[in-house]
Every structure is written in structure tokens, then in C-alpha cells.
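Following: one structure in C-alpha cells, then a few remarks.
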């Protein structure tokens, strides 16, 4: 693990991190509801390793049966690399649990706050000021 | 006696320069980073508001509430990134991601990892007036050493390339003075002069070395976010047109 990714992991593990410098973020995250979270369980359809964001598309199990396709934004792959992710951390078909700050407009999408991988590892995508996103699910 | 002292001074002046120019080559990032035990004496204070002339202050002020909210969120100021457009100067020097300095006697390049941005500083050349230059994102930069301080002058920056939404003329001139303030701690003192400003706008950035770090590539490849007519950022989701 590089010095940087170790440092970032520590920072992420610490939860609330006070930053004196701009955090790498691509745009305002106001479109995501930071007052609540939803928990999705299902199969990964797409794990897209691109900038300005990585994306995770998940066919999530619905309460009444069936699935719903969610489009989930992550952070820059540069940030994620420094946090220990690679292009192979997740693959299509993986069964995952994803904690998400949902889109405020109700469409099936959101911002990934945390992913639980099939092997049980909990991965954080390095959302700037993650402590400001309430976990209610 | 006087001539002897002069001779000694000249000898010292000749002997010192080779050692006085520090080698800034390598990777750097803003200081402090999460997890750093920061020395308060080394931290740069927040960037002050631009001292714009009254005729430019009004429109700028109107955007400040939005800007302040974004900075509090830890977001970049401005919409360049949402449009997959790089920072340009001077915003790229805020060090959103790590940066790398390549130093040769005749040329120094600075690459910012975010958006693969590179600026080129030609040492010993004279800065041309902006009126003779084509405006660009990074402008045109010349550099020189003043003892152990690297002085960079830049002009010819496109008017739509703005830092903190601050309007400027094509004649805007940025002077940077980079010097090590502690081992592996680099201070960049920035001065912006422009006819849009009442007086020079100055601030500083502090960077620290990131030993062993290798810059990653950054290509803005699939941007699913866009800014709508009201300035809101929206995400396209799979299956939508």
C-alpha cells in the first residue's frame, strides 16, 4: 500500500476528517439527499472505472419482489485509487450491499457512501465531507 | 578596504548560486493533508476575496453565497469540472490532486494530476505583453531564480478561465514566488495584478512533498453530470435518453 493510500485509508477510517485544503470533488453534490440513506442489496450490473466519476449500476432487490436498476455515482478513480480501490475491486455479477445517499428527485440513482463486497470487506469511495451524509438505513 | 570587501562579496555571490537553487523535482500536494500533524506556522491562510473594482464587484458578489456553500462542502469553485474542463491558471495551483514538478535549467513543467494539466515555464525568457499573445488556459509563463526563490510570471490567460469566479482582463498578470520554507515544504506566494482589481490580490499555497507517489492519469471520459438552466448539477441515469 502506498504512503498516500495508507494515509487516505486512515483518514477514511477516522470518519470525521477536518480538512484545511480543497477535497477532490467534481461538482456540487446537492442533488444527493444527505439527510437520509437507503440500503440496496443486489447484483452488480456495471462497475465503470472512469473519470470524472466511477459508476456502479446495481439491480437491487425490491421489497415486493423483482429488481430495480440503480445508477450510482462514486468519486474520481484517482481518489478511489488512493483509497485502496482498483478497477477489479468489484465486477459484474457480484452480490453487494450498497449504502447510498439517494437522488433528491426520486429517480433510481444516488451517491455511493459504502459498499460491502462479497468477501465482507467494507469499502468507502472517499466522498468529500462524508460525515455530513446521514446514515439512516 | 572597500575593494577588498567588494571582491569578497563578489566571490561569495559567485560561489553561492549553484547551491542556492533547490531541486523542486518530484511530487507535491497541498499541506496539510488528512492525517498530517500540521505545523500551524507552515499552513497558508485562506485565500482572501479578490479586491475587484466596484463595477466588477457586484456580479461577483451575487455568486458568493453559492461559492461559499461549495467551499464549505469541499467542492471546487466554479463549474469547469462539471463540464469536464480543466482549471487553468491560477486555479490549477490550488492542488486539487497531487502535482509533479519537472525541473531543468531552461524549463520547468508543473503537472496537476486532475485533468492531466501541464503548464510550461521557460526560464530566462522575457514575458511578452498579453496583447502579443494568444490567450490560453495556462497562459504564457517565464521564470527566473532569485537566490533560492523561483519567480514565475504568467500572462495571456483566457477571460473565461476564472479562479473563484473572479473576472479578469486578458492582461491579468500572475507572479508566483516559490521557495522552501522548511525541508520538503514549499510555499507559493501568488500575486495577481489586473486592471479589474483595485490593488494586487495576494495569497499563498503551501505544498509538501509526497515521497514515492506516482501521478495517475486523468481523462474525463464519461461525464454523466450536467448543469441545467438553473445552475443545478444533475446526473443522467442508465436507461434515460
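Chains as they are written, first to last, in our numbering: chain A, 11 to 147; chain B, 138 to 378.
Glycine is no exception: its CB is placed at the ideal position from the N, C-alpha and C atoms.
Please read these numbers as outputs of a predicted model, since none were measured by experiment.
Sufficient close CB pairs (3 or more, under 8 Å) joining the stretch 300 to 315 of chain B to the stretch 347 to 354 of chain B: no
So residue 98(A) contacts chain B; which residues on that side make the cut at Cβ distance below 9 Å? By one-based count along the first chain, residue 98(A) stands at place 88. The contacting residues do not exist; residue 98(A) stays about 16 Å from chain B at best.
Delimiting residues of the alpha helix (DSSP H) encompassing residue 92(A): Here residue 92(A) refers to the residue found at position 82 when the first chain is read from its first residue. Where residue 92(A) is concerned, the enclosing alpha helix (DSSP H) stretches over 87 to 92.
Identified DSSP bridge partners for residue 174(B): In the second chain, counting from the first residue as 1, residue 174(B) sits at position 37. Note: residue 174(B) sits in no beta bridge, so no partner.
Check the Cβ-Cβ distances between residue 94(A) and every residue of chain B, and say whether any is below 9 Å. Locating residue 94(A) in the first chain gives position 84, where the first residue counts as 1. No - not a single Cβ of chain B is within 9 Å of the one on residue 94(A).
Beta bridge counterpart(s) of residue 266(B) as assigned by DSSP: The sequence position of residue 266(B) within the second chain is 129, counting from 1. DSSP, once it has assigned bridges, lists no residue as partnering residue 266(B).
Can you confirm whether residue 40(A), when its beta carbon is compared against all beta carbons of chain B, has any partner nearer than 9 Å? In the first chain, counting from the first residue as 1, residue 40(A) sits at position 30. By this cut-off, residue 40(A) is an interface position.
Taking any Cβ of chain B, which residues in the stretch 68 to 86 of chain A have a Cβ under 7 Å from it, in chain order? 79, 81 and 83
Alpha carbon of residue 325(B) to alpha carbon of residue 272(B), nearest angstrom: Indexing the second chain from 1 puts residue 325(B) at position 188. Indexing the second chain from 1 puts residue 272(B) at position 135. Computed Cα separation, rounded: 23 Å.
Shorter than 9 Å from the beta carbon of residue 372(B) to some beta carbon of chain A? Taking the second chain and counting its residues from 1, the one referred to as residue 372(B) is at position 235. So, interface residue.
Near residue 126(A), what residues of its chain come up, given a Cβ to Cβ distance below 7 Å and the 5 sequence neighbours on each side ignored? As a first step, residue 126(A) must be located in the first chain, where it is residue number 116. Result list for residue 126(A): 106, 107 and 132, in chain order.
Spell out the partners DSSP gives residue 163(B) in its beta bridges. Translated into positions along the second chain, residue 163(B) becomes position 26. Paired residues: 238(B).
What span of residues does the alpha helix (DSSP H) with residue 71(A) cover, start to end? Sequence index remark: in the first chain, residue 71(A) carries index 61 (1-based). Where residue 71(A) is concerned, there is no enclosing alpha helix (DSSP H), although the beta strand (DSSP E) it sits in stretches over 65 to 71.
As a quick exercise: from 361(B), 256(B) and 370(B), pick the residue whose alpha carbon is nearest that of residue 376(B). Along the second chain, one-based indexing puts residue 376(B) at 239. Checked all of 361(B), 256(B) and 370(B); the closest Cα to residue 376(B) is 361(B).
For residue 228(B) and residue 174(B), what's the separation of their Cα atoms in angstroms? One-based indexing of the second chain puts residue 228(B) at position 91. One-based indexing of the second chain puts residue 174(B) at position 37. Distance between the alpha carbons of residue 228(B) and residue 174(B) is about 26 Å.
Reducing DSSP to helix, strand and coil, say where residue 220(B) ends up. Position 83 of the second chain, counted from the first residue, corresponds to residue 220(B). Of the three classes helix, strand and coil, the one that applies to residue 220(B) here is helix, per DSSP.
Would you check if the distance between the CB atom of residue 86(A) and the CB atom of residue 274(B) is smaller than 9 Å? Within the first chain, numbered from 1, the residue matching residue 86(A) stands at position 76. Within the second chain, numbered from 1, the residue matching residue 274(B) stands at position 137. No, they are not a contact pair.
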